[in-house]
Amino acid sequence: MSLTVSRLERPALGPISLSVAAGACLAVRGPSGAGKSLLMRAIADLDPATGRVELDGRSRESWFAPDWRRQVAYVPAEAGWWAPVVGEHFLSDNGDTPDLLQAVGLAGDTLDWPVERLSSGESQRLALIRALVRKPKFLLLDEPTSALDNDATIRIERLLHRQMAQGLGLVLVTHSAEQEHRLATATLELEDGKMKQ
1 MSLTVSRLER PALGPISLSV AAGACLAVRG PSGAGKSLLM RAIADLDPAT
51 GRVELDGRSR ESWFAPDWRR QVAYVPAEAG WWAPVVGEHF LSDNGDTPDL
101 LQAVGLAGDT LDWPVERLSS GESQRLALIR ALVRKPKFLL LDEPTSALDN
151 DATIRIERLL HRQMAQGLGL VLVTHSAEQE HRLATATLEL EDGKMKQ
């Protein structure tokens, strides 16, 4: 299983080519404005782009868009919430949710909370869990611990390591060299929307 991107381009980005295997983590780094989030959105098919994106050799164009985004899930740095209660954003029949909440240090009743109660860090952790319960093949993580303290960050990284050991692939945008060192198996550097040689 692999996620392969070939000559992906959109305004202010590209061409970008990359490949990530199941269980691997590609860190994407670069200064602010380098195009990291644009790349993630283009892979997730949230913004128009040219080029080829494949999951295990199957072109993105052959997928129904919601199915693609379920298999290649994008988790932005600031999550969107569209219903008033946290649990309304989660699959009701997923038995993994309590274990995942515990893994990231959240209480079992968190799903009953109103969204407006969430701190930035709670929102960030819940957005990750919301993606994981759908069992994607690859996660596109845009600064997944930017709102977290060190202890919460380590919890997230431990969870991601466990998920990678089970075959989950990651594309990780991070400004932290330490996080890159702890999680990444390869690195892609962007500058002005281009791959830095």
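First residue of the sequence shown: 1, per our numbering; consecutive thereafter. Glycine included, C-beta positions come from ideal geometry on N, C-alpha and C. The structure displayed is predicted, hence computed values, not measured ones.
Helix, strand or coil for residue i? Go by DSSP, reduced to three states.
{"i": "Leu91", "result": "coil"}
{"i": "Leu198", "result": "In the structure displayed, the chain extends from 1 to 197; residue 198 sits before or after that span and is not available."}
{"i": "Pro31", "result": "coil"}
{"i": "Glu157", "result": "helix"}
{"i": "Val86", "result": "helix"}
{"i": "Lys194", "result": "strand"}
{"i": "Gly23", "result": "coil"}
{"i": "Ala152", "result": "helix"}
{"i": "Leu188", "result": "strand"}
{"i": "Glu61", "result": "helix"}
{"i": "Gly37", "result": "A quick correction: the sequence has Ser, not Gly, at residue 37. Here Ser37 sits in helix by DSSP."}
{"i": "Gly167", "result": "coil"}
{"i": "Leu106", "result": "coil"}
Determine the contact status of residue i and residue j, defining contact as a CB-CB distance below 8 Å.
{"i": "Ala22", "j": "Lys137", "result": "yes"}
{"i": "Pro15", "j": "Leu26", "result": "no"}
{"i": "Ala186", "j": "Ala24", "result": "yes"}
{"i": "Ser123", "j": "Ala79", "result": "yes"}
{"i": "Leu13", "j": "Ala44", "result": "no"}
{"i": "Trp81", "j": "Val133", "result": "no"}
{"i": "Gly105", "j": "Arg155", "result": "yes"}
{"i": "Leu55", "j": "Gln71", "result": "yes"}
{"i": "Leu190", "j": "Val28", "result": "yes"}
{"i": "Ala184", "j": "Leu172", "result": "yes"}
Can you tell me where the alpha helix (DSSP H) with residue i in it begins and where it stops?
{"i": "Asp99", "result": "Thr97 to Ala103"}
{"i": "Leu128", "result": "Ser120 to Leu132"}
{"i": "Leu199", "result": "With the chain running from 1 to 197 in the structure shown, residue 199 is simply not present."}
{"i": "Asp67", "result": "Ala65 to Gln71"}
For the beta strand (DSSP E) containing residue i, list its first residue and its last residue.
{"i": "Glu78", "result": "No beta strand (DSSP E) holds Glu78; DSSP gives it neither H nor E."}
{"i": "Arg117", "result": "Here Arg117 belongs to no beta strand (DSSP E), and DSSP marks it neither H nor E."}
{"i": "Arg7", "result": "Ser2 to Arg10"}
{"i": "Asp142", "result": "Phe138 to Asp142"}
Segment contact flag, the region 55-72 with the region 120-129, C-beta cutoff 8 Å, min 3 pairs: no
Decide if the region 139-154 is in contact with the region 107-117; the criterion is three or more beta carbon pairs, one per stretch, under 8 Å apart. no
Are the region 147-166 and the region 34-49 touching by the rule of at least three beta carbon pairs closer than 8 Å? Here the region 147-166 does not lie against the region 34-49, with fewer than 3 beta-carbon pairs under 8 Å apart.
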